[in-house]
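K.L.:
Residue numbers (full-length UniProt numbering): 1 to 115.
(1) Out of 24, 59 and 98, which has the shortest C-alpha to C-alpha gap to residue 78?
(2) So is residue 112 buried or exposed if we call it buried at 16+ other beta carbons inside 10 Å?
(3) If you run the structure through DSSP and keep just helix, strand and coil, what is residue 76?
(4) Would residue 71 and residue 88 qualify as a contact pair, given that the criterion is a beta-carbon distance under 8 Å?
(5) Just tell me which of 19, 98, 21 and 91 has its CA closest to the CA of residue 63.
(6) Pick from 67, 66 and 54: whose alpha carbon is nearest that of residue 80?
(7) If you draw a straight line from the C-alpha of residue 19 to the C-alpha of residue 65, how long is it?
This is the structure we're talking about:
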């Protein structure tokens, strides 16, 4: 069996992939705009041009990319910072547990961000 990790190019990641990850982390994540953006539907996908909470979405992106300082910046711009902080803490907690086996450095960064 090949022990190499499969690398995914950024252009191959769609909102549907983020949706599945967020749903597995939070168990309640539900966003129609995330579910409908699929690779084979990409050309047909039409959007109204804006997300309801763009800073919250950008914060999630920053957390998933381990960009803690960027996540803090977007958190300051969120419409509901308390709920966003609780969600971000949950995300960091779950990510720290999941990446602990892969990279101790990344896990430490998520654990520090959780605090």
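Glycine included, every Cβ here is placed at the ideal spot set by N, Cα and C.
P.N.:
So, to answer that:
(1) Comparing Cα-Cα distances from residue 78 to each of 24, 59 and 98, the minimum goes to 59.
(2) Answer is exposed; the Cβ neighbour count stays below 16.
(3) Three-state result, residue 76: helix.
(4) Yes, Cβ-Cβ distance for residue 71 and residue 88 is below 8 Å.
(5) Closest option to residue 63, judged by alpha-carbon separation, among 19, 98, 21 and 91: 91.
(6) The shortest CA-to-CA distance from residue 80 to any of 67, 66 and 54 is the one to 54.
(7) Near 15 Å, if we compare the C-alpha coordinates of residue 65 and residue 19.
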